[in-house]
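Using the UniProt record's numbering, the first residue of the sequence shown is number 1, and each one after it goes up by one. No residue lacks a Cβ here, since even glycine has one placed at the ideal position from N, Cα and C.
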Amino acid sequence: MIKHSMALKANQHGTWLVVNRGRIWLNAERSLPNGAFDDLALSAEPEQICWLGKLAGHDAYLLINHDHIADETQWVSPRELLAEGEEIFQLAARAVQVALFLQTHRFCGQCGSAMHLVHWELAMLCSKCGHRCYPRIAPCVLVGIIKDDKVLLARSNRHRPGFFSILAGFVESAETLEQAAVREVKEEVGVDICNLRYVGSQPWPFPHSLMTGFIADYAGGDIVCQPQEIEEAHWFSLDALPEVPPLETLSGQIIHQLQQIAGK
Ligand SMILES: [Zn+2]
């Protein structure tokens, strides 16, 4: 449960996640600021404050602040905190997702009235019509497809030349994760898969995805790339891979697992 503390004391101690447009402010040592609230020396009062959880025993707070533009280089994407470990990355992911939720639910989507934060749970409520909203989470499937000692990797039109990853796609309404995996693979590269095995999940705050990972066996079909999504896709030998996502990402972990399965 989230606690909301709208009036922090100047000497309040904590870890501070100051968020502005999906980015997080780091101190001069390139880490999350930790200490008294006053020492942050914000140029303007935070517009909203939320308790996010604990980090290394300290309370961690989200401060939404649109004016605190200090050195531009001190604002980073949560992606740059991936290498700092799961605990810090998850807290950063939560901070930017909660900030986005609060910014995009100021007015009711049903009647247009102003909404307010519920005091005992993380939700926005319209007091006029009763419409209640929770932070949006978009589930996404990642599928590592194996055929003998080869893996199917694709390059989407968002990736630079030479960089390949396993297939990914969003789950549609009233669809299971498994159905989404089979459909996305068929749509994006035209092949059929079978024997889906769940690997794990990872929050992915760009802007509010939850990645779920699977390994699957190739079941048939030739590669035919979906023109709007996939630039190229190939079967790569697991001991001669191109540039792929790092191990901090679920995609990277799935590719690593496929190498182990193939004994590479
Ligand atoms: Zn309403």
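Comparing the CB of residue i with every heavy atom of ligand 1, is any distance shorter than 7 angstroms?
i: S237; result: no
i: H105; result: no
i: C133; result: no
i: C111; result: yes
i: K9; result: no
i: K128; result: yes
i: C50; result: no
i: C108; result: yes
Who does residue i pair with in a DSSP beta bridge?
i: G53; result: A60
i: A114; result: F107
i: W75; result: W25
i: W16; result: Y61
Is it buried or exposed for residue i, if we count other Cβ within 10 angstroms and need 16 for buried?
i: N157; result: exposed
i: M1; result: Since pLDDT at M1 reaches only 34, below the 50 mark, its modelled position is unreliable, and the value read off the structure follows with that caveat. By the neighbour-count rule (16 or more Cβ atoms within 10 Å), M1 is not buried but exposed.
i: S5; result: Summary for S5: the model assigns pLDDT 44, below 50, so the residue's position carries little reliability, and this model does not support an answer.
i: T73; result: exposed
i: N195; result: exposed
i: K3; result: Bear in mind that the predicted position of K3 carries a pLDDT of just 43, short of 50, making it unreliable; the figure below should be weighed with that in mind. Counting Cβ neighbours within 10 Å, K3 comes out exposed, since fewer than 16 surround it.
i: V224; result: exposed
i: Y134; result: exposed
i: H13; result: exposed
i: R106; result: exposed
i: C129; result: exposed
i: N65; result: buried
i: I254; result: buried
i: T176; result: exposed
i: G213; result: buried
i: residue 281; result: The requested residue 281 is not part of the displayed model; the chain covers only 1 to 264.
i: S251; result: buried
i: L247; result: exposed
i: A180; result: buried
i: Y61; result: buried
i: P161; result: exposed
i: Y198; result: exposed
Review point. If you scan the UniProt domain "Nudix hydrolase" (135-262) from start to end, which runs of the beta strand (DSSP E) of 3 or more residues do you find wholly inside it?
Key: Counting whole runs of 3 or more residues, the UniProt domain "Nudix hydrolase" (135-262) contains the beta strand (DSSP E) stretches 138-147, 150-156, 167-170, 192-204, 209-220, 230-237.
Review point. Does the stretch 49-58 come close enough to the stretch 166-184 that 3 or more CB-CB pairs lie under 8 angstroms?
Key: no
Review point. Would you say the stretch 224-232 touches the stretch 146-156, given that touching needs at least three Cβ pairs under 8 angstroms?
Key: yes
Check your understanding: At a cut of 8 angstroms, does the stretch 78-96 reach the stretch 184-195 through at least three beta carbon pairs?
Key -> no
Check your understanding: With contact counted as at least three CB pairs below 8 angstroms, one residue from each stretch, are the stretch 203-221 and the stretch 91-102 in contact?
Key -> yes
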